[in-house]
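Protein chains in written order, with our numbering: chain E, 1 to 333; chain Z, 1 to 333. Shown next, in structure tokens, is the structure this report addresses.
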DNA sequence: AGTGATTTTTTACAGATGTATGCGTTGTCT
DNA sequence: AGACAACGCATACATCTGTAAAAAATCACT
């Protein structure tokens, strides 16, 4: 050509991409058609992609959610994120997340050979039970991962494990103890009872754990109904806690806070939970953003189930909102 | 899922496409990641494409031209179209087309083992010679496909073949005869001369033909300089002709017109040209639109070299201008 | 429960794609 | 002119992709 190299090569790449993407020709066909080698065509496509000449856009109502999930997944460094679409007009923190949790558990049970599933408790998990279909999994055992509350407003904390078991057609194993021991009770002595030893041994053998997280506020079922009188929410916050997972209060970095309350908690140790093969944490609500981040940092989440409202709040504000139109240069490598 | 099937499957397809196109994951990786089979992922991508969910856009200054060429190529039913970018401020019909012709010929000579190249003549081909680099093709013979003019304004019609040969470093073979025999000369007798028989035999053995086309107007070098006095342009038009290729006047359908002039023309028969393996026709200008269409219909064009202005005029107005953003559903089949 | 029909899942295989290797050509420097 | 380096090209090969057929599972019906 009389024209200079850059133009010519761009024009060539343009024509190659046109045939490839628009006309659907194969690289070999294009090479034959343009009297060149397949290698050249292949390289032209790769160059065009890396130059951002080829733009792939996915048009679907689900794109925003998928993108959000993907970004959050990378940011939190966890395996999977599900951001269920929340009702923005009647936002309740639990409805959509519960449905998504039910769907995930159902799907997982269909394909995985889970035997023991550890469960936490709380309003989010209660919502999940409501959405579960009736299944038959006689080989599955639902293992309660922490003690229960002695009083409550809406549901019995022990009923979470049994409720899961009932819907899943599974057996269950409760931890028949208060979540927080009374003052003066010797923890080691209490737990030395044989029945507890058997139960704690199951924690090490869980195939999956269904968790939730709460902040420290009256909205937290645990704080509202379970906290011993001598521990005020303010005192726990003072100690650096921003919320709890399984009754264990964590600081911003996901570390268990050093506080007398922790030594009175009856339930699985978070270090044990970390070793569980599949950890599903379901939680939503603007007030839970910090504790979800902390739980992720602690390594307590493989699959995060939340809603799109919370997910939006979870993503780093620094990471500017990307458009759904992205370059597909990734195929190059 | 609690949601209905359509939504779920669309959401799934969206997520799959996201991973595939945006994250650049392989179908197998996505299947493993989403706990499903590669088949499902493959089908989801195909469904998304066929639903128009995936849009591929090529962003390049050359897109418009490439698209134009491709559309024209299909419409004319020829192998290749090159629409060189014309200078719209100083439009001359020949500059850009000549450069493109030179580029094509150079490229073809580099890769193809052409031995005999037939050439027409005219201002467009003259422009091509000007843009040809100096090459060395001692094994190539340039064969003039028609007789010459006895007078002219700008260039000698015989110099086209010799000019090509000089630039290409090839030998040449002229047809030393007038393009139109004088009245009363017996054509068969004239052509029975041995030297012409040899030359005409070469027409059957051409590897390629470099052609052009003109309308019937003073802008045509042939009409202006070559037409016998007894044939007025009006008379030829009257006979149905809209232009000529190699001195053969064609009607709209590309048929050689039945006219006394045709029986006095000295040059290759168009039926012979049709059998030439590679026919390159270079022509541009709004006035040449009709004759280019006719030449294509006649099967005289494998590669059309024109400019973008002419190409725009050549495409059927009925075929609405498509946008450069097209669905890439073609990969499905 | 048994049986047949329908649908999924698995498996296999034929292209298509992306990459590395070695060879030949071109151009350049001494 | 000869040697060397750089570049491009053909080949080969390891995935990846798309599709069809076989096997298995599920479902509907008797």
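Every residue, glycine too, gets a C-beta built ideally from N, C-alpha and C. Nothing here was measured: the structure is a model prediction, and the numbers come from that model.
- Of the other Cβ atoms in all chains shown, 16 or more fall within 10 Å of the Cβ of residue 314/E; this residue is therefore buried.
- For residue 82/Z, the enclosing beta strand (DSSP E) stretches over residues 80–84.
- Taking the beta carbon of residue 11/E as reference, the chain Z residues within 7 Å of it are 62, listed in sequence order.
- Using beta-carbon distances, residue 88/Z does not count as an interface residue toward chain E, since no partner is under 8 Å.
- In the three-state reduction of the DSSP assignment, residue 164/E falls in the helix class, which pools H, G and I.
- Proximity of chain E to residue 18/Z at the Cβ level (cut-off 8 Å) is accounted for by 58, 63, 66, 67, 70, in chain order.
- Within the stretch 75–100 of chain Z, the residues whose Cβ lies closer than 7 Å to any Cβ of chain E are, in chain order, 99.
- Within the stretch 226–307 of chain Z, the complete beta strand (DSSP E) segments of 3 residues or longer fall at 243–245, 248–250, 278–282, 303–307, listed in chain order.
- Residue contact with chain Z for residue 15/E: present (Cβ-Cβ distance below 8 Å to some residue of chain Z).
- When 8 Å is used as the limit between beta carbons, residue 55/E is near these residues of chain Z: 56, 57, 58, 59, in chain order.
- In this chain, the beta strand (DSSP E) harbouring residue 211/Z covers 208–211.
- Boundaries for residue 58/E: no alpha helix (DSSP H) harbours it, while the beta strand (DSSP E) harbouring it runs 54–58, taken from the DSSP string.
- Residues of chain E whose Cβ lies closer than 9 Å to the Cβ of residue 35/Z are, in chain order, 107, 108, 111, 112.
- DSSP places residue 215/E within a strand segment (E or B) once states are collapsed to three.
- Residues are counted here when their Cβ sits less than 7 Å from a Cβ of chain Z; for the stretch 20–49 of chain E these are 21, 22, 23, 24, 35, given in chain order.
- As computed with DSSP, residue 117/E is found in a beta bridge with 142/E, 208/E.
- Short of 7 Å from the beta carbon of residue 98/E, and not among the five residues preceding or following it, lie these beta carbons of its own chain, in chain order: 124, 127, 128, 130, 131.
- In terms of Cβ geometry, residue 178/E and residue 150/E form a close pair [threshold 8 Å].
- In the structure shown, residue 180/E falls within a strand segment according to DSSP collapsed to helix, strand and coil.
- Counting along the chain, residue 171/E sits inside the beta strand (DSSP E) bounded by residues 171–173.
- In the three-state reduction of the DSSP assignment, residue 95/Z falls in the helix class.
- The C-beta separation of residue 208/E from residue 117/E comes to about 5 Å, placing the pair in contact by the 8 Å criterion.
- Judged by beta-carbon spacing, residue 303/Z lies within the 8 Å limit of residue 80/Z, meaning their Cβ atoms are closer than that value.
- Take the alpha-carbon of residue 72/Z and the one of residue 61/Z: they are about 19 Å apart.
- Contact check for residue 257/E and residue 78/E: beta-carbon distance about 22 Å, past the 8 Å limit, so the pair fails to qualify.
- Within the same chain, 38 come within 7 Å of residue 28/Z by CB-CB distance, once the 5 residues on both sides are set aside.
- Contact check for residue 65/E against residue 85/E passes: the beta carbons are separated by less than 8 Å.
- Taking the Cα of residue 136/E as reference, the smallest distance to any Cα among 165/E, 161/E, 156/E, 112/E is reached at 165/E.
- Taking 8 Å as the cut-off, the beta carbon of residue 58/E is found no closer than this to the beta carbon of residue 106/Z.
- In this structure, DSSP gives residue 77/Z a state outside helix and strand, which the three-state scheme calls coil.
- Our two residues, residue 284/E and residue 193/E, have alpha carbons roughly 37 Å apart in a direct line.
- If you ignore the 5 residues before and after residue 33/Z, its C-beta comes within less than 8 Å of the C-beta of 19, 25, all in its own chain and listed in chain order.
- Residue 122/Z carries a coil assignment under DSSP once its states are collapsed to helix, strand and coil.
- A direct Cα-to-Cα measurement between residue 231/Z and residue 261/Z gives close to 8 Å.
- Here the stretch 198–206 of chain E makes contact with the stretch 268–288 of chain E; the two share three or more CB pairs at distances below 8 Å.
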